[in-house]
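So the sequence shown is numbered by my numbering: it starts at 3 and just counts up by one. Note that the Cβ used here is the ideal one computed from N, Cα and C, for glycine as well. Take a look at the structure below.
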Amino acid sequence: MNKVIFAALCAVALTLSAKEWKDISYYEKDAPAQGNMEYRSARCKLDLYVPDRRVKFPTLVWLHGGGLKKGGKSKLPLINTQAVAVATVNYRLSGKGGNCPDYIYDAAAAVAWVIKNIEKFGGDPKQVYVSGLSAGGYLTAMVTLDKRYLETFGVSPSQIAGAFPISGQMSTHFQILNERRAKNPATRDFVIDEYAPIYHAAKDTPPMTFITGDRELDWPARAEENHLLVMRMRRVYKNPNVVFYSIPGTTHGTCSRPSLAMINDILCKISKKCSQIKK
Numbered sequence: 003m004n005k006v007i008f009a010a011l012c013a014v015a016l017t018l019s020a021k022e023w024k025d026i027s028y029y030e031k032d033a034p035a036q037g038n039m040e041y042r043s044a045r046c047k048l049d050l051y052v053p054d055r056r057v058k059f060p061t062l063v064w065l066h067g068g069g070l071k072k073g074g075k076s077k078l079p080l081i082n083t084q085a086v087a088v089a090t091v092n093y094r095l096s097g098k099g100g101n102c103p104d105y106i107y108d109a110a111a112a113v114a115w116v117i118k119n120i121e122k123f124g125g126d127p128k129q130v131y132v133s134g135l136s137a138g139g140y141l142t143a144m145v146t147l148d149k150r151y152l153e154t155f156g157v158s159p160s161q162i163a164g165a166f167p168i169s170g171q172m173s174t175h176f177q178i179l180n181e182r183r184a185k186n187p188a189t190r191d192f193v194i195d196e197y198a199p200i201y202h203a204a205k206d207t208p209p210m211t212f213i214t215g216d217r218e219l220d221w222p223a224r225a226e227e228n229h230l231l232v233m234r235m236r237r238v239y240k241n242p243n244v245v246f247y248s249i250p251g252t253t254h255g256t257c258s259r260p261s262l263a264m265i266n267d268i269l270c271k272i273s274k275k276c277s278q279i280k281k
């Protein structure tokens, strides 16, 4: 069988036993106003794929990539939604009505919504994981490490069961610097400040697995930034909950598939502990 056709059939099979809810608004009515509210109302929605006839399953919140200025939610390949729930999230985009820190608050609001509501869909609120590629990896690291974002929505990072930033920028994101450069052309091209995950290195964090592509093939210094953050947390802060992987032979884009396969394996093992609903 053609490999492309086989892969497509596998992707369809993974969602056959999943219930789907589309375009759920994840901002609560009493959430603090922040940024472009009209754009927030239109953009800040998630799709939820939930295993059918199972309870107490783990959930993965997925934050898409696109440099904080493009991209959108879509079905996530390689995650077995017969065993694991997936929430794919839209957030406000830079240059389209969103600016720093709108998208970070959006990512936090989405994670908080899942933690607060997944039990209504049968999931385990103590088994909510967060991941994303590129810009999504950056957002994953920010909402996990900088407590103020989740705490805005009544949730603590300690309620995240685990985070998997994939090839995310760990210095201040380049699109944030582009936003500043539009006002101040002298803005440097490399900054570490409150919008850099490295700035928030700490001892007490949820388990975090930082993944990048090959050191020579991913974005320049992407693997090194991730490794630096992990080593700061491990060596300086004595944090035992962080690990780093650089996947040989993969680029910024191609590291996503083996990363998702790794995450799927971890979450499916956890899912074996959840219950089947009797017919």
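| Item | Value |
| --- | --- |
| For T207 and V232, the rounded distance between their alpha carbons | 11 Å |
| Straight-line gap, P260 to E181 (C-alpha atoms, nearest Å) | 33 Å |
| Straight-line gap, T83 to S277 (C-alpha atoms, nearest Å) | 15 Å |
| For S158, three-class secondary structure by DSSP | coil |
| Every unbroken beta strand (DSSP E) within the segment 84-157, with a cutoff of 3 residues, ordered by chain | 87-91 and 125-135 |
| Continuous alpha helix (DSSP H) stretch holding D191: start and end | Unbroken run through D191: none, as it is neither H nor E. |
| Cβ distance (whole Å) where R55 is taken to contact I272 below 8 Å | Not a contact, Cβ separation roughly 18 Å. |
| For K185, three-class secondary structure by DSSP | helix |
| Residues near K24 by beta carbon distance below 6 Å, same chain, minus five either side | D49 |
| Counted within 10 angstroms of its Cβ, other Cβ atoms place E227 as buried (16 or more) or exposed | buried |
| Buried versus exposed, by CB contacts within 10 Å (16 or more), I194 | exposed |
| Where M210 falls, given that 16 or more other Cβ within 10 Å makes a residue buried | buried |
| Residues near I120 by beta carbon distance below 6 Å, same chain, minus five either side | T61 and P127 |
| Burial state of K274, where buried means 16 or more other Cβ atoms lie within 10 Å | exposed |
| Span of the alpha helix (DSSP H), counted from its first residue to its last, around V232 | R224 to M233 |
| Pairwise C-alpha distance: S133 and L80 | 14 Å |
| Cβ pair N92, K71 closer than 8 Å | no |
| Euclidean distance between Cα positions of L141 and R42 | 17 Å |
| Option nearest I106 by Cα separation, candidates K118, H66 and G125 | H66 |
| Inter-residue CB distance, P53 and A143 (contact presumed, cutoff 8 Å) | Not a contact, Cβ separation roughly 27 Å. |
| Limits of the unbroken alpha helix (DSSP H) element including S27 | Looking at the DSSP string, S27 is not in any alpha helix (DSSP H); the run it does join, the beta strand (DSSP E), is A20 to S27. |
| DSSP three-state assignment for M210, whether helix, strand or coil | strand |
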